[in-house]
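Novice: Residue 134 in my numbering sits at position 134 of the sequence shown, with consecutive numbering throughout.
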Amino acid sequence: MSLTNGIFNAIFNYHSRGFRVLYEDVYKLKRAEQSNKSFEGTLRSTLSRMKRKGLLKNVGGKWSMTSDGLELLNGRNSDIKRYFPAPRHRGRSVKRSLIVIFDIPEKIRRYRDWLRPELENFGFKRIQDSVWFGPPLPKEFLEFLDEYKLMRYIRFFKATEDDLI
């Protein structure tokens, strides 16, 4: 995932983020590529560049997406259906009983980048980048995955919170 995409995804999922929280979110995805010090400078430069281009704004130390940034983000994956425009399960208790594991190839990474926020919006919690734990998925969502031939890269397992060690 590019740094720009990582920033977009982190801000899109939470609407606004302070630099430290944003750094932690994005750094998890990029830590294997750069050292801490150089990454912090790179992140600051990228945020500044995105702000200059009108894609992000910083109000009171919180970074958020502008309408131009949201338009660009939506245009990148315009042929991929978004099931929820914003997180719906934040702050609510969700009965989790499904583990989703996926290994989507690099050549179709945009589906992998699309899937993570979709799972989060369904109430899933990330265990690892490609391992998620959450509630049962709607039939329509599974049909969409099948229609786009993504099911061959995804495995589903039933479990409860008590089953996790």
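Note that the Cβ used here is the ideal one computed from N, Cα and C, for glycine as well.
Tell me whether residue 86 is buried or exposed, calling it buried when 16 or more other Cβ atoms sit within 10 Å of its Cβ.
Specialist: Residue placement at residue 86 is poorly supported in this model, since its pLDDT is 44, which falls under 50; the coordinates are not used for a value here.
Novice: If distances are taken between C-alpha atoms only, which option among 129, 162 and 97 comes closest to residue 6?
Specialist: For residue 6, the nearest C-alpha among the options comes from 129.
Novice: Using beta-carbon positions only, say whether residue 133 and residue 115 come within less than 8 Å of one another.
Specialist: Not in contact: residue 133 and residue 115 (Cβ atoms no closer than 8 Å).
Novice: Does DSSP put residue 34 in a helix, in a strand, or in coil?
Specialist: Note on residue 34: pLDDT 46, under 50, position unreliable in the model; no value is reported.
Novice: Spatial neighbours of residue 99 within its chain, please: CB distance less than 6 Å, with the 5 preceding and 5 following residues excluded, ordered by chain position.
Specialist: So the list reads 133, 157 and 159, once near-sequence residues are dropped.
Novice: Please classify residue 118 as buried or exposed, where buried requires at least 16 other C-beta atoms within 10 Å of its C-beta.
Specialist: So residue 118 counts as buried.
Novice: Do residue 55 and residue 72 have their C-beta atoms within less than 8 Å of each other?
Specialist: Going by C-beta atoms, residue 55 is nearer than 8 Å to residue 72.
Novice: If distances are taken between C-alpha atoms only, which option among 44, 8 and 3 comes closest to residue 20?
Specialist: Checking every option, the nearest Cα to that of residue 20 belongs to 44.
Novice: Are the beta-carbon atoms belonging to residue 11 and residue 64 less than 8 Å from one another?
Specialist: Their beta carbons are under 8 Å apart, which means residue 11 touches residue 64 by this criterion.
Novice: Please state whether DSSP places residue 107 in a helix, a strand or coil.
Specialist: It is helical.
Novice: My output table needs one value for residue 51: the three-state DSSP class, helix, strand or coil.
Specialist: Residue 51 falls in the helix class under three-state DSSP.
Novice: For residue 30, which residues of its own chain have a beta-carbon under 7 Å away from its beta-carbon, when the five flanking residues on both sides are left out?
Specialist: Here residue 30 scores only 49 on pLDDT, less than 50, and its place in the model should not be relied on; the value that follows carries that caveat. Counting only Cβ-Cβ distances below 7 Å, and skipping sequence neighbours, we find 3, 6 and 39.
Novice: Can you tell me whether residue 113 is buried or exposed? The criterion is at least 16 other CB atoms within 10 Å of its CB, across all chains shown.
Specialist: Result: buried.
Novice: Suppose contacts are defined by Cβ-Cβ distances below 8 Å. Is residue 135 in contact with residue 123 by that definition?
Specialist: For residue 135 and residue 123, yes; Cβs fall inside 8 Å.
Novice: Give a single yes or no on whether residue 64 has its beta carbon closer than 7 Å to a heavy atom of the ligand FAD.
Specialist: Looking at this structure, you won't find the ligand FAD or any other ligand, since it has none at all.
Novice: Note down the Cα distance separating residue 155 from residue 162, rounded to an integer number of angstroms.
Specialist: Their Cα atoms are separated by approximately 20 Å.
Novice: For residue 26, count neighbouring C-beta atoms within 10 Å of its own C-beta (all shown protein chains included) and say buried if the count is 16 or more, exposed if not.
Specialist: It counts as buried.
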